[in-house]
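A.B. asks: Can you keep this structure in mind? I'll have questions shortly.
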Amino acid sequence: MNNSDDVKGKILRMKKFPMDLRGFPEDNITLLIQEEDESRTYTQPTKFNIRAEACHLVEHANPGDTFFIHIIAHGCYPFSITSSDKQFIGGQ
């Protein structure tokens, strides 16, 4: 199992928390998961997609609504590293 599979597994297990303990309907839960393969089952957690989902929550919020946001994040992608940052992480 690679690290990506482990993170995806944690996310899928955590999805059960608001459903089981708080009664959230499954169709009210949105998952953004980085997938390494080509299946692309889930929306990718890009900056744009994260902001779009946050805006969607705010736009459709009503008084008394409850939000549960869980983030698992680490590292960075090479394409997001500026040339001035590369010297600090051993890049070229």
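So for the sequence shown, my numbering puts the first residue at 656; every next one is plus one.
Glycine included, each C-beta is placed from N, C-alpha and C at the ideal position.
Keep in mind the model is a prediction, meaning the values are calculated, not measured.
1. Assign GLY745 to one of three DSSP states: helix, strand, or coil.
2. Could you tell me if LYS665 is buried or exposed, where buried requires 16 or more neighbouring beta carbons within 10 angstroms of its beta carbon?
3. Could you work out which residue in GLU714, LEU687, ASN717 and PRO718 is closest to PHE703 when comparing CA atoms only?
4. Does DSSP classify LEU687 as helix, strand or coil?
5. Take the Cβ of LYS663 as the centre, count every other Cβ of all protein chains shown within 10 Å, and call the residue buried at 16 or more, exposed below.
6. Looking at the unbroken alpha helix (DSSP H) that takes in ILE705, where does it start and where does it end?
7. Going along the chain, which residues of its own chain have a beta-carbon closer than 6 Å to the beta-carbon of PHE743, five neighbours each way excluded?
8. Can you tell me the Cα-Cα spacing of THR696 and PRO718, whole angstroms?
C.D. replies: Straight from the coordinates:
1. The sequence position of residue 745 within the sequence shown is 90, counting from 1. Since pLDDT at GLY745 reaches only 47, below the 50 mark, its modelled position is unreliable, and the value read off the structure follows with that caveat. Coil.
2. Stepping through the sequence shown from its first residue, residue 665 is reached at position 10. Exposed, by the Cβ-count rule.
3. As a working note, residue 703 is residue 48 in the sequence shown. Of the listed residues, the one whose Cα sits closest to PHE703 is LEU687.
4. Reading the sequence shown from its first residue, position 32 is the one you call residue 687. LEU687: strand per DSSP, three-state reduction.
5. The residue labelled residue 663 in the question sits at position 8 within the sequence shown. Flag for LYS663 reads buried.
6. Numbered from 1 along the sequence shown, position 50 holds the residue referred to as residue 705. Where ILE705 is concerned, the enclosing alpha helix (DSSP H) stretches over 702-714.
7. For the purposes of this step, residue 743 is identified with residue 88 of the sequence shown, where counting begins at 1. Low confidence applies here, because PHE743 scores a pLDDT of 46, under 50, leaving its location unreliable; read the following figure in that light. Nothing meets the Cβ criterion.
8. As a first step, residue 696 must be located in the sequence shown, where it is residue number 41. As a first step, residue 718 must be located in the sequence shown, where it is residue number 63. Going from the Cα of THR696 to the Cα of PRO718 covers about 32 Å.
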